[in-house]
Amino acid sequence: MISRTVGESIPPNTKHAVSVCLPTWEATVGYEEGESDIINSLTTGYPRFFVHKSIKKLCEVLCAKYSMENETCLCFPSYRIANRCREFIKVKTGLSTKVRILQLCTPKPVNQEERLWRRECKITVVFVDEEIFPIMKQYWQHSGEIVSSRMAEYILHELEVKDNLKKMETTNNGRKSAAEDENRVNEEYIETRFGRSLNFLAADKAKCLIRKRIATKVVEKVDSESLTDLFSFEHYNENSAPFTTGNGEPLNDDQQLNSNVPAEAINSAGESSANSTFEDMTTEDLNYHVNPDTDVYLFPSGMASIFTAHRLLLNFDANRLSRSSTRQDKLVGYGPPFKKTVMFGFPYTDTLSILRKFNHTHFLGQGDSTSMDALKKILHSGEQILAVFIEAPSNPLLKMGDLQELKRLSDLYSFYIVVDETVGGFVNIDVLPYADIICSSLTKIFSGDSNVIAGSLVLNPRGKIYEFAKKFMKSENGYEDCLWCEDALCLERNSRDFVERTIKVNTNTDILLTKVLLPQVGKLFKKIYYPSLTSEETKRNYDSVMATRDGGYGGLFSLTFFDIEKAKKFFNNLELCKGPSLGTNFTLACPYAIIAHYQELDEIAQYGVEKNLVRVSVGLENSDVLCRVFQRAIEKAVEE
45 MISRTVGESI
55 PPNTKHAVSV
65 CLPTWEATVG
75 YEEGESDIIN
85 SLTTGYPRFF
95 VHKSIKKLCE
105 VLCAKYSMEN
115 ETCLCFPSYR
125 IANRCREFIK
135 VKTGLSTKVR
145 ILQLCTPKPV
155 NQEERLWRRE
165 CKITVVFVDE
175 EIFPIMKQYW
185 QHSGEIVSSR
195 MAEYILHELE
205 VKDNLKKMET
215 TNNGRKSAAE
225 DENRVNEEYI
235 ETRFGRSLNF
245 LAADKAKCLI
255 RKRIATKVVE
265 KVDSESLTDL
275 FSFEHYNENS
285 APFTTGNGEP
295 LNDDQQLNSN
305 VPAEAINSAG
315 ESSANSTFED
325 MTTEDLNYHV
335 NPDTDVYLFP
345 SGMASIFTAH
355 RLLLNFDANR
365 LSRSSTRQDK
375 LVGYGPPFKK
385 TVMFGFPYTD
395 TLSILRKFNH
405 THFLGQGDST
415 SMDALKKILH
425 SGEQILAVFI
435 EAPSNPLLKM
445 GDLQELKRLS
455 DLYSFYIVVD
465 ETVGGFVNID
475 VLPYADIICS
485 SLTKIFSGDS
495 NVIAGSLVLN
505 PRGKIYEFAK
515 KFMKSENGYE
525 DCLWCEDALC
535 LERNSRDFVE
545 RTIKVNTNTD
555 ILLTKVLLPQ
565 VGKLFKKIYY
575 PSLTSEETKR
585 NYDSVMATRD
595 GGYGGLFSLT
605 FFDIEKAKKF
615 FNNLELCKGP
625 SLGTNFTLAC
635 PYAIIAHYQE
645 LDEIAQYGVE
655 KNLVRVSVGL
665 ENSDVLCRVF
675 QRAIEKAVEE
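Under the working numbering, the first residue of the sequence shown carries the number 45, and numbering increases by one thereafter.
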């Protein structure tokens, strides 16, 4: 069902949807200009920009209980994150700004049965004066270290249980015992919120399976055909036949969680001796081994993975300086003696915001050979840079930088490379050999269902910063697993077929472009941006890292127009879902420049992002149906 009502969730009637319906060009402009009728109609929105109603309600409840005069609050999933938010606020507003932090915790399960649906959940509330809230919201949006709507909903229900029990204690007049009251409330709680399919105990295994799926597709690891099955986890699900040992006997639970290694590498205790096993393999047998337990990390959003990569690098730079006055949990690294980062290519807006707001950066926005020449000029000048951040390919212009040349320069000049491969996807491209760190939004094609937000970070075990990175991730101010258990369960279920979905999307996109859109280039469309079409340079760079087994060019493309009025007519007549996000199982479109850069349209034009640009993320619909939908929109756009 296509969402057509302004402010309706996409998909419709989805409580935890990550997109919202803005069905016309005019509605998108109204949203960006803050028109009250548009804003008030929003039932949801992209989670880092739109504070979900469950989170708002939780903040209102906590403000009513704990705030002081003129204070407001926002919740974060841990004390460390809240403390980083406080540091950010003080850096941006002044050290005298009053910021209060309150840590809260929901009850632990008291027995095995309760462990199925109850989990201790710690949140930290940051209180600031109301006028400071926009600065705090910047941290929420840019860092991505957020409380999910499911987590907020869980906490609200726990508070409701507590409040209901208190009411019963004052009204039952001895007719029922406290234990009976609690049992009744718990039964209502389970029935109304969870139904009968919830199992929190499965969350840790779900995360393990997610990490395995990422590890098996993040690089083309296997050279020898005989090793292929060793890494094939993406099709595993709860109804699959169990993993077996070399003798055909089922593995126990611990062995299944370590099933990324050969059966003979698992000892009698079910523990993995993977490191020594893989070290014994020759490079002819194995290019890369990414250990899902030590090299893959999960986050509450894709932006949080990029933010963590940046924090890791700042801490590495602070460690390099070895000054007593330098804090090792460095959050902001402005100016000398800290090295600058480089943003290579025009990226998604919040990536550049992180690099600019938490450090100084060289923005090489063209993302092509001219940017490579500019980077070489910086390096030849004698300036040392900390890292290059690059999207593969970039959003929304689908440009692909020369990762092989970046890797050569990285080795020569000792900087690090962080690749955001969200748009390309684990299945389509193989970029880890050229990166020290790979970040990705799992909200996109990995999930597909547009109902959960999450992210991942993968460390290259052969990367120059690998040993420091592992130590940082284990440190007090390093990595925290803040992916809420229900989000993990949802993501694991959604991602079981992400390989097949990616291949289907690749096929659909190729058919749509070839049959319908390419014939309109030079007529209605000024240009189509797509890895195989953006430029010869982009195609060459993309092809050099395309995965050999299942790789394709992805499902994202952008259209620019000769006439903005025709762009509006085309967009308004597209009979499909329209709103933010990408990589959904359904086709999704938005006027990207308007929705992402409305206040800076003139500035972004110099990088090729025209204000009439329409970005399309292709889904799993029947290709003939998709072609008809786009053909009708074209016909409407060219009508006199």
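No residue lacks a Cβ here, since even glycine has one placed at the ideal position from N, Cα and C.
- The shortest CA-to-CA distance from ALA431 to any of ILE473, THR150, THR385 and SER413 is the one to THR385.
- Distances from the alpha-carbon of ALA532 to those of SER500, GLU520 and VAL589 put SER500 closest.
- The beta carbons of PRO624 and SER63 sit about 6 Å from each other, so the pair counts as a contact at 8 Å.
- The alpha helix (DSSP H) runs lying completely inside the region 611-683 and spanning 4 residues or more are 636-641, 645-649 and 667-682, given in chain order.
- ILE639 is the residue among ILE639, PHE614 and ASN243 whose C-alpha sits nearest the C-alpha of THR72.
- Each residue's CA atom was taken as its position, placing THR352 and TYR523 some 8 Å apart.
- If you draw a 10 Å sphere on the C-beta of CYS149, you find fewer than 16 other C-beta atoms in it, and that means exposed.
- Cβ contact annotation for THR405 (same chain, cutoff 7 Å, sequence separation greater than five): LYS384, THR385, VAL386, MET387 and LEU399, in chain order.
- Under the 10 Å beta carbon count, GLU465 is surrounded by 16 or more other beta carbons and is classified as buried.
- Close CB contacts of TYR341 within its chain, under the 7 Å cut and outside five residues either way in sequence, are with SER500, LEU501, MET517 and TYR523 (chain order).
- When the alpha-carbon of ALA348 is set against those of SER192, THR631, ARG676 and PRO635, the nearest one is in SER192.
- In chain order, GLU581 place their CB closer than 7 Å to the CB of SER413, counting only its own chain and leaving out the 5 sequence neighbours on each side.
- About 6 Å separates the beta carbons of LEU160 and PHE244, which is inside the 8 Å limit, making them a contact pair.
- LEU486: not part of any beta strand (DSSP E); DSSP gives it neither H nor E.
- Distances from the alpha-carbon of GLY445 to those of LEU556, PRO56, GLU435 and GLU544 put GLU435 closest.
- With respect to the 7 Å criterion, PRO336 and ALA418 are not classified as neighbours on the basis of their beta carbons.
- Between the C-alpha atoms of ALA196 and GLU164 there is a straight-line separation of about 13 Å.
- Per DSSP, the unbroken beta strand (DSSP E) holding LYS166 starts and ends at 166-173.
- A straight line joining the alpha-carbon of PHE614 with that of ASP607 spans about 11 Å.
- Non-local C-beta neighbours of ARG124 in its own chain, meaning closer than 7 Å and more than five positions away in sequence, comprise ASN521 and GLU524, ordered along the chain.
- With respect to the 7 Å criterion, PRO635 and VAL658 are classified as neighbours on the basis of their beta carbons.
- HIS201 is not a Cβ neighbour of SER397, given a cutoff of 7 Å.
- The beta carbon of ILE176 is closer than 7 Å to those of ILE133, THR137 and THR141 in its chain, skipping five residues each way along the sequence.
- In terms of Cβ geometry, PHE569 and LEU535 do not form a close pair [threshold 7 Å].
- For LEU106, there is no enclosing beta strand (DSSP E); the residue is part of the alpha helix (DSSP H) that begins and ends at 97-110.
- Counting along the chain, HIS424 sits inside no beta strand (DSSP E); it lies in the alpha helix (DSSP H) bounded by residues 413-424.
- Remark: C-beta atoms of LEU556 and CYS671 approach each other more closely than 7 Å.
- For a cut-off of 8 Å, the C-beta gap from GLY409 to LYS443 is around 10 Å, too long to register as a contact.
- Per DSSP, the unbroken alpha helix (DSSP H) holding GLY346 starts and ends at 346-365.
- Between the region 503-512 and the region 475-490, the count of Cβ pairs shorter than 8 Å is three or higher; the stretches touch.
- Sequence-distant partners of SER111 (beyond 5 residues in either direction) whose C-beta falls short of 7 Å from its own C-beta, in its chain, are CYS117 and PHE171.
- Its Cα nearest to that of LEU358, the residue ILE509 stands out among GLU104, ILE509 and GLY469.
- Counting along the chain, the unbroken beta strand (DSSP E) around ASP464 starts and ends at 460-464.
- Taking a cut-off of 8 Å on C-beta distances, the region 558-565 does not touch the region 586-595, as fewer than three cross pairs fall below it.
- ALA431 has THR385 and TYR460 as its beta-bridge partners, per DSSP.
- Ranked by Cα distance from ALA513, the options LEU453, SER579, TYR642 and ASP361 are led by ASP361.
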